[in-house]
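Participant: Sharing a structure, written as structure tokens. Questions coming.
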Amino acid sequence: MGGRISESTIREIREKADIVAVVSETVPLSRAGSGFRGLCPFHREKTPSFFVHPARQAFKCFGCGEGGSVFHFLMKARNLSFGEAVEDLGERYGVTVQYEKGITPRRPGEDLYGILRLAAEKYREFLRSSPSGKQAREFLARRGVTPEAAQEFYLGYGGQGKELLAVLEREGIDPARAAQAGLLYQQEGGGYRERFRGRLTYPVSDARGRICGFGARALDDSDPKYLNSPDSELYRKSSLLYGLFQALPAIRNEKKVLVVEGYMDLIGLWQKGVRNVVATCGTSLTEGHSRTLKRLSDTVILIFDGDVAGKRSAVRAGGPLYTAGVSPLVLFPPKGMDPDDWAKETTSAELSEKISRSMPLMEYIERAAARKYDLSQIAGQLAYVKLMGKYLPWIGEPAEQRLYAQRVAKAAGLPVETVLDQIRGKGAPADATAPGIPRRPLGGRPEEGLLLCLLSKDPTLIRDVARDGVAEFVEGDEVREILALFSRRAGVGDEPALDEVLDGEISEEARKRLSEEIIRAEMPEGDARRIYPDVVLGLRIRKMEREIARLGEASRAAAGAGDQPLAQEMFTAQKAAKMEKERLERERRTRA
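Structural data, given as structure tokens:
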């Protein structure tokens with residue numbers, strides 16, 4: 022059962038899917054020629070550089086470089102695997118997903134979800150009733166965790182190291198699959214050992230409530246204090262948010278989301294009636310987390326520890342959040358306290374009132390910078406402006422950025438344009454003036470890109486490419502990879518299609534390059550075959566230029582080593598290459 026998703030399934034879903042409709046659920050799009058454009062959801066920008074072409078079923082951002090098919094968009098926007106994206110679109114467009122070994126109604130990894138759910142249930146039983154779980158029960162009592170909270174978040178105890186193995190054996194579950202789920206690890210001498218033995222367990226689920234992995238806390242002096250499931254096809258700590266499934270109704274109702282860094286911080290706030298709260302899973306806030314938060318709400322409030330480390334962590338979180346299009350707010354507990362401590366020592370009303378008065382993160386950064394330096398001295402003013410020049414480029418909204426620039430300028434006694442110059446010097450995005458797709462950058466290898474454009478318009482040209490040995494003239498690894506895969510697919514017998522290559526097993530670099538050229542291919546279909554010989558000539562000339570340079574270096578190296586015969590041989594070969602290049606250039610001029 023299972024296996025690779027069949028090509029026919031992928032093709033059918035691709036043909037039925039409306040990439041504009043799918044993307045529009047995340048990005049407002051407007052018409053731009055034969056396609057659509059909008060602000061990229063994967064990085065912060067002021068001027069739209071994100072393009073979607075409905076006929077070619079592709080998207081491309083010319084700002085951050087991301088690109089691909091409708092499947093890749095879902096993978097990136099919703100942190101899905103390729104198989105999950107195919108399943109999602111198949112369900113949406115009424116296509117039954119088939120695998121090479123037959124119809125498989127269950128998603129890839131579905132048995133792992135079942136194994137993880139079983140483990141969570143057993144851990145819960147161990148916590149509630151096993152004698153060995155007494156230490157975990159006492160820990161929760163000391164931390165003030167109520168039975169309601171323990172049930173809501175399905176807290177458990179990992180046992181002494183043999184209980185889960187016994188359960189898996191009784192259920193007939195292969196320990197190798199349990200290891201893939203992150204519950205076990207293989208010992209050097211053979212056999213498996215339980216990963217979370219002796220620890221309090223926190224199941225981590227996705228937005229659909231499926232358990233993907235666990236966080237686990239030591240109840241003694243074991244190191245590390247916190248242990249997480251290893252990254253797997255289900256558990257990706259760079260994108261999962263603890264408590265998201267429980268928080269979704271409150272987030273939708275209150276239209277804001279709070280973020281903490283610890284499992285107990287989340288539970289402490291939850292017990293005070295703060296239900297729209299999520300936590301990272303043992304890692305700093307990432308771009309994946311930030312994109313998820315952006316989809317949930319435009320109002321994101323960071324509530325991190327009130328010590329120096331917590332404040333630094335909040336500032337670091339600003340980078341990915343601003344990149345995702347979020348201008349975060351921040352709220353810190355009194356010095357020396359974490360959110361859980363703070364929740365215990367304040368009333369629900371006081372906590373709610375404090376949350377409502379959260380400060381913009383950039384305002385916090387600016388105030389801290391102003392306190393750090395003596396702004397009555399030139400050295401202090403310069404250091405202050407330089408530091409803010411590091412953070413203000415994060416802000417993509419022009420009005421917001423200018424307001425902060427005005428504040429910094431006033432504090433430093435400088436014209437606002439001077440501060441803006443400092444910001445731009447730190448890499449703020451420049452305004453784009455072209456209303457459409459950006460022109461190709463100068464230099465590089467334009468013929469290789471144009472070759473892919475031609476193949477996008479007339480895929481049958483791949484047979485000419487193979488016949489003419491064009492791949493040997495290509496320098497770019499990603500273009501060679503695309504040509505090789507397209508040639509193999511064209512040789513199978515079906516009419517070749519470049520968009521199928523986009524969904525094939527190609528590298529990320531090749532996918533991004535191919536999506537760009539698919540979007541750029543704005544020419545009448547009949548022109549592709551007419552232009553093809555000129556593109557091949559250009560590629561051959563480029564190759565001769567590289568060969569001339571290589572032979573020149575080889576000749577000089579041989580001469581430097583005292584090998585005059587080899588130096589003369591390389592010189593003669595270089596002369597012949599120059600003559601061939603001149604011949605090719607004359608042929609190109611004749612064609613023109």
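Numbering follows the working numbering, with no gaps: position 471 of the sequence shown is 492.
In this text, a Cβ means the ideal position worked out from N, Cα and C, and glycines have one as well.
1) Closest by CA to G89, which one among F63, R113 and P355?
2) Comparing alpha-carbon positions, which option in R510, E374 and Y412 lies nearest R388?
3) Hey, is the segment 554-564 in contact with the segment 490-498, meaning 3+ C-beta pairs nearer than 8 Å?
4) List in chain order: all unbroken beta strand (DSSP E) runs of 3+ residues lying wholly within the segment 571-597.
5) Assign S226 to one of three DSSP states: helix, strand, or coil.
6) DSSP three-state label for Y144, please.
7) DSSP state of I194, grouped into three classes?
8) Could you please give the first and the last residue of the uninterrupted alpha helix (DSSP H) stretch that includes H310?
9) What's the call for T593, buried or exposed, on a 16-neighbour Cβ count within 10 Å?
10) Use the C-beta contact count for P456: other C-beta atoms within 10 angstroms, 16 or more gives buried, fewer gives exposed.
11) When the Cα atoms are used, what is the spatial distance from F217 to A200?
12) Taking the alpha helix (DSSP H) that E169 belongs to, which residues open and close that run?
13) Would DSSP call I458 helix, strand or coil?
14) Determine which residues share a DSSP beta bridge with E215 and list them.
15) Quick check: V118 and T30, are their CB atoms within less than 7 Å of each other?
16) Would you call G583 buried or exposed, if buried means 16 or more other Cβ atoms sit within 10 Å of its Cβ?
17) Could you spell out where the beta strand (DSSP E) holding V281 opens and where it closes?
18) Measure the alpha-carbon distance for Q427 versus P436 and round it to whole angstroms.
19) What does the alpha-carbon distance come out to for the pair G59 and P49?
20) Could you say which of D286, Q292, G289 and R296 lies nearest to V278 if we only look at CA atoms?
21) Our contact map puts T320 next to K276 with C-beta atoms below 8 Å; I'd like the distance itself, whole angstroms only.
22) What is the rounded straight-line gap between the Cα of L372 and the Cα of L290?
23) Consult DSSP for A449 and reduce its assignment to one of helix, strand or coil.
24) Quick one: Cα of C85 to Cα of R191, how far?
25) Alpha carbon to alpha carbon, how far is Q267 from E529?
26) Which value, in whole angstroms, describes the spacing of the CA atoms of E502 and E468?
27) For E36, I'd like the list of residues in its chain whose CB is within less than 7 Å of its CB, leaving aside the five on either flank, ordered along the chain.
28) Spell out a yes or no on whether the segment 142-152 and the segment 165-180 are touching, meaning 3 or more CB-CB pairs, one atom from each, closer than 8 Å.
29) Look up N100 in the DSSP assignment and say whether it is helix, strand or coil.
30) Once the 5 residues before and after E308 are set aside, which same chain residues still bring their CB inside 7 Å of it?
31) Which residue spans inside the segment 40-95 form an unbroken alpha helix (DSSP H) run of at least 4?
32) If you reduce the DSSP assignment to three classes, tell me which class N297 lands in.
33) Which value, in whole angstroms, describes the spacing of the CA atoms of A542 and K596?
34) Once you ignore the five residues that flank A141 on each side, which residues in its own chain have a CB closer than 7 Å to its CB?
35) Since A389 is in the alpha helix (DSSP H), which residue starts that stretch and which ends it?
36) For M380, does the count of other Cβ atoms within 10 angstroms reach 16, so buried, or fall short, so exposed?
Facilitator: Per the coordinate set shown:
1) Counted from its first residue, the sequence shown places residue 89 at position 68. Ranking F63, R113 and P355 by Cα distance to G89 puts F63 first.
2) Your numbering for residue 388 matches position 367 in the sequence shown. The residue with the shortest Cα to Cα distance from R388 is Y412.
3) yes
4) none
5) As a first step, residue 226 is located in the sequence shown; it is residue number 205 there, counting from the start. Residue state, collapsed to three classes: strand.
6) Residue numbering aside, residue 144 sits at position 123 when the sequence shown is read from its first letter. Residue state, collapsed to three classes: helix.
7) Numbered from its first residue, the sequence shown carries residue 194 at position 173. Coil at I194, not helix or strand.
8) By 1-based counting over the sequence shown, the position of residue 310 is 289. Looking at the DSSP string, the run of the alpha helix (DSSP H) that includes H310 is E308 to L317.
9) Here residue 593 is taken as the residue at index 572 of the sequence shown, counted from 1. Under this definition T593 is an exposed residue.
10) Numbered from 1 along the sequence shown, position 435 holds the residue referred to as residue 456. A caution first: P456 carries a pLDDT of 41, below 50, which makes its placement in the model unreliable, though a value can still be read off. Flag for P456 reads exposed.
11) Residue mapping note: residue 217 aligns to position 196 of the sequence shown, counting from 1. Residue mapping note: residue 200 aligns to position 179 of the sequence shown, counting from 1. F217 and A200: Cα-Cα distance of roughly 12 Å.
12) Numbered from its first residue, the sequence shown carries residue 169 at position 148. Looking at the DSSP string, the run of the alpha helix (DSSP H) that includes E169 is P168 to E173.
13) Here residue 458 is taken as the residue at index 437 of the sequence shown, counted from 1. If DSSP states are grouped into helix, strand and coil, I458 belongs with coil.
14) Translated into the one-based positions of the sequence shown, residue 215 becomes position 194. The partner list for E215 (beta bridge, DSSP) reads L205.
15) On the sequence shown, residue 118 is found 97 positions in, with the first residue counted as 1. On the sequence shown, residue 30 is found 9 positions in, with the first residue counted as 1. Taking 7 Å as the Cβ cut-off, V118 and T30 qualify as a contacting pair.
16) Position 562 of the sequence shown, counted from the first residue, corresponds to residue 583. Its Cβ having fewer than 16 others within 10 Å, G583 is exposed.
17) Here residue 281 is taken as the residue at index 260 of the sequence shown, counted from 1. Segment V278 to V281, the beta strand (DSSP E) holding V281.
18) On the sequence shown, residue 427 is found 406 positions in, with the first residue counted as 1. On the sequence shown, residue 436 is found 415 positions in, with the first residue counted as 1. Going by the C-alpha atoms only, they are around 8 Å apart.
19) The residue labelled residue 59 in the question sits at position 38 within the sequence shown. The residue labelled residue 49 in the question sits at position 28 within the sequence shown. One C-alpha to the other measures close to 6 Å.
20) Indexing the sequence shown from 1 puts residue 278 at position 257. It is R296.
21) One-based indexing of the sequence shown puts residue 320 at position 299. One-based indexing of the sequence shown puts residue 276 at position 255. So it is a contact: roughly 6 Å between Cβ atoms.
22) As a working mapping, residue 372 is identified with position 351 in the sequence shown. As a working mapping, residue 290 is identified with position 269 in the sequence shown. Near 9 Å, if we compare the C-alpha coordinates of L290 and L372.
23) For this step, residue 449 is matched to residue 428 along the sequence shown. With a pLDDT of only 36 at A449, under the threshold of 50, the placement of this residue in the model should not be trusted, and no figure is reported.
24) Residue numbering aside, residue 85 sits at position 64 when the sequence shown is read from its first letter. Residue numbering aside, residue 191 sits at position 170 when the sequence shown is read from its first letter. Their Cα atoms are separated by approximately 51 Å.
25) Counting from one through the sequence shown, the residue named residue 267 turns up at place 246. Counting from one through the sequence shown, the residue named residue 529 turns up at place 508. Q267 and E529: Cα-Cα distance of roughly 34 Å.
26) Start at 1 with the first residue of the sequence shown, and residue 502 comes out as number 481. Start at 1 with the first residue of the sequence shown, and residue 468 comes out as number 447. E502 and E468: Cα-Cα distance of roughly 16 Å.
27) Within the sequence shown, numbered from 1, the residue matching residue 36 stands at position 15. Once the five neighbours on either side are set aside, E36 has no close Cβ partner at all.
28) yes
29) Locating residue 100 in the sequence shown gives position 79, counting from the first residue. It is coil, neither helix nor strand.
30) Position 287 of the sequence shown holds residue 308. These residues qualify, in order along the chain: P341, T344 and A345.
31) 40-45
32) Numbered from its first residue, the sequence shown carries residue 297 at position 276. If DSSP states are grouped into helix, strand and coil, N297 belongs with coil.
33) Your numbering for residue 542 matches position 521 in the sequence shown. Your numbering for residue 596 matches position 575 in the sequence shown. When rounded, the distance between both Cα atoms is 38 Å.
34) Along the sequence shown, read from residue 1 onward, the residue named residue 141 stands at position 120. Same-chain partners within the cutoff: Y175, G177, P224 and I232.
35) Along the sequence shown, read from residue 1 onward, the residue named residue 389 stands at position 368. Unbroken alpha helix (DSSP H) run through A389: L382 to K393.
36) Position 359 of the sequence shown, counting from 1, holds the residue named residue 380. When all chains shown are included, M380 counts as exposed.
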